[in-house]
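Asker:
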């Protein structure tokens, strides 16, 4: 072997080792996977652990999903599996890529898309929200497309830092904690199928009229006033793409609004209803649905922004009835292939304090 060839091999080996170390240190420094700092990332991390094609329903969207939709409440009632795949303040342009990512591993009967962020614009992007959505995804085609999507408004350096996290998080090297090391070796689960049990009660003291939407529609009918509240252009574009994505993958898209009195209005509800009607898809607005009664003094953990376990139980009961009425799905509770779900359900009940 010539000296020139040997030197080339050494150079290539050096480059490979450097890249491996560069990427490995980036994983360590990235707060993704640190339960204390980016706790919600575990909902995504644990999604990748699920057996392929064992999830019947996927609930996707912002933090209203992982705090309000407990798949084990539904599994306990009707034996249908599900997973809340969401990150904090997740915009619809991020939800679109998470929907594509989910379809790589699962063949759900339906996606339930939380529409609270449908009125957000690109101007409302913030780096932390973007990074939480991007960093949690495994590296691959969907992640690369997500990084390059102009809706996120990333600079070239920010795009590169999404691929090589060390460029963004190098300053954390002096702030590393035990949890940063733990994520590399500990494989335990922190969520219950992507759901975070929260027993804190902090009631909403504001006003919320459950009949407000009906009053609004009656007013429009009388005065013929046009609804000026519109879904943002970028959100509508991604919603249209999600409609097509679901059609192409033979699954249903259901739009859903988890109860949230602070920022939800009849005008927003009507705008989503019109989009749903125009695309021949269903829309469930649990703020105004008479079949669910959220008690805003007891069912929220933070004065109305997110539900607690009591609220999630009510959402679970509602969705169980909805799924049973609108889908034909096998009950998995007595299926040995779904034993992990029964084991998780037992632990879930113990955590809630209702185990027999």
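In the numbering used here, the protein residues as written are -18 to 337. A virtual CB, placed ideally from N, CA and C, is assigned to each residue, including glycine. Keep in mind that this is a model prediction, so the values were computed, not measured.
Compute the Euclidean distance between the alpha carbons of residue 46 and residue 276, then round it to the nearest angstrom.
Answerer: Taking the straight line joining both Cα atoms gives about 18 Å.
Asker: Pull up the distance between the alpha-carbon of residue 177 and that of residue -7, whole angstroms please.
Answerer: One C-alpha to the other measures close to 46 Å.
Asker: Comparing C-alpha positions only, which one of 291, 290, 292 and 133 sits nearest to residue 75?
Answerer: Here the closest residue by C-alpha is 133.
Asker: Can you tell me whether residue 324 is buried or exposed, with buried defined as 16 or more other CB within 10 angstroms of its CB?
Answerer: The residue in question, residue 324, is exposed, as its Cβ has fewer than 16 Cβ neighbours within 10 Å.
Asker: Along the beta strand (DSSP E) that carries residue 65, what are the first and last residues, could you check?
Answerer: From DSSP, the beta strand (DSSP E) with residue 65 extends over 63 to 67.
Asker: Please confirm if residue 242 has its CB atom under 9 Å from at least one CB of chain D.
Answerer: Annotation note: the requested chain D is absent from the structure, which comprises a single protein chain.
Asker: Use the C-beta contact count for residue 190: other C-beta atoms within 10 angstroms, 16 or more gives buried, fewer gives exposed.
Answerer: Its Cβ having fewer than 16 others within 10 Å, residue 190 is exposed.
Asker: Just checking my contact of residue 34 with residue 81 at CB under 8 Å: how many whole Å lie between their CB atoms?
Answerer: Residue 34 to residue 81, Cβ: 16 Å. No contact.
Asker: Do residue 43 and residue 90 count as a contact pair if the criterion is CB distance below 9 Å?
Answerer: The answer is no: Cβ separation not under 9 Å.
Asker: For residue 150, which three-state DSSP category applies?
Answerer: The answer is helix: DSSP assigns residue 150 an H, G or I state.
Asker: Hey, which unbroken runs of the alpha helix (DSSP H) at 4 residues or more fall wholly within the region 269 to 321?
Answerer: Here the runs fully enclosed are 290 to 307.
Asker: Please report how far the alpha carbon of residue 318 lies from the alpha carbon of residue 198, in whole angstroms.
Answerer: Near 48 Å, if we compare the C-alpha coordinates of residue 198 and residue 318.
Asker: Would you mind sorting residue 11 into buried or exposed? The rule is 16 or more other CB atoms within 10 Å of its CB.
Answerer: Residue 11 comes out buried.
Asker: Which residue wins for smallest C-alpha separation from residue 286, given the options 70, 103 and 112?
Answerer: Checking every option, the nearest Cα to that of residue 286 belongs to 70.
Asker: Decide if the region 264 to 280 is in contact with the region 236 to 256; the criterion is three or more beta carbon pairs, one per stretch, under 8 Å apart.
Answerer: The answer is yes - the region 236 to 256 touches the region 264 to 280, with three or more Cβ pairs under 8 Å.
Asker: Just reading off the alpha helix (DSSP H) that residue 25 is part of, what are its end residues?
Answerer: Residues 22 to 28.
Asker: What is the rounded straight-line gap between the Cα of residue 67 and the Cα of residue 129?
Answerer: The straight-line gap from Cα to Cα measures roughly 20 Å.
Asker: Use the C-beta contact count for residue 312: other C-beta atoms within 10 angstroms, 16 or more gives buried, fewer gives exposed.
Answerer: That one is exposed.
Asker: Under 8 Å by Cβ, that's how I've got residue 144 and residue 300 pegged, so tell me the actual separation to the nearest angstrom.
Answerer: Not quite, the Cβ-Cβ distance comes to about 37 Å (not below 8 Å), so this is no contact.
Asker: Is the beta carbon of residue 170 less than 9 Å from the beta carbon of residue 40?
Answerer: No.
Asker: Can the beta-carbon of residue 209 be found closer than 9 Å to that of residue 248?
Answerer: Cβ atoms of residue 209 and residue 248: closer than 9 Å.
Asker: Note down, in chain order, each residue of its chain lying with its Cβ closer than 7 Å to the Cβ of residue 222, except the 5 sequence neighbours on either side.
Answerer: Excluding sequence neighbours, residue 222 sits near 77.
Asker: Between the Cα of residue 30 and the Cα atoms of 58, 212, 83 and 257, which residue gives the shortest distance?
Answerer: Measuring from the Cα of residue 30, the nearest candidate turns out to be 83.
Asker: Give the secondary structure of residue 224 by DSSP, where H, G and I count as helix, E and B as strand, and everything else as coil.
Answerer: Three-state result, residue 224: helix.
Asker: What residues in its chain sit with their C-beta under 6 Å from that of residue 337, if we drop five residues either side in the sequence?
Answerer: In this predicted model, residue 337 has a pLDDT of only 39, less than 50, meaning its place in the structure is not dependable enough to derive any value.
Asker: Bridge partners of residue 178, per DSSP?
Answerer: None, per the DSSP bridge assignment.
Asker: Mind listing, in chain order, the continuous alpha helix (DSSP H) runs of no fewer than 4 residues lying wholly within the region 70 to 121?
Answerer: As far as the region 70 to 121 is concerned, its whole alpha helix (DSSP H) runs of at least 4 residues are 73 to 86 and 108 to 116.
Asker: Taking just the CA atoms, how far does residue 292 sit from residue 327?
Answerer: Rounded to the nearest angstrom, the two C-alpha atoms are 20 Å apart.
Asker: Exposed or buried, which one is residue 192 when buried takes at least 16 other CB atoms within 10 Å?
Answerer: Result: exposed.
Asker: Nearest to residue 281 by CA position, among 307, 181 and 79, is which residue?
Answerer: The candidate whose alpha carbon is nearest that of residue 281 is 181.
Asker: Along the chain, where does the beta strand (DSSP E) that runs through residue 42 open and close?
Answerer: Start and end: 38 to 42.
Asker: From the DSSP output, read off the bridge partner residues of residue 235.
Answerer: Note: residue 235 sits in a beta bridge opposite 93 and 263.
Asker: Taking only the alpha-carbon atoms, compute the straight-line gap between residue 252 and residue 161 and give it to the nearest angstrom.
Answerer: Approximately 43 Å, taken between the alpha carbons.
Asker: Taking the alpha-carbon positions, what's the residue 305 to residue 266 distance?
Answerer: Cα-Cα distance, rounded: 18 Å.
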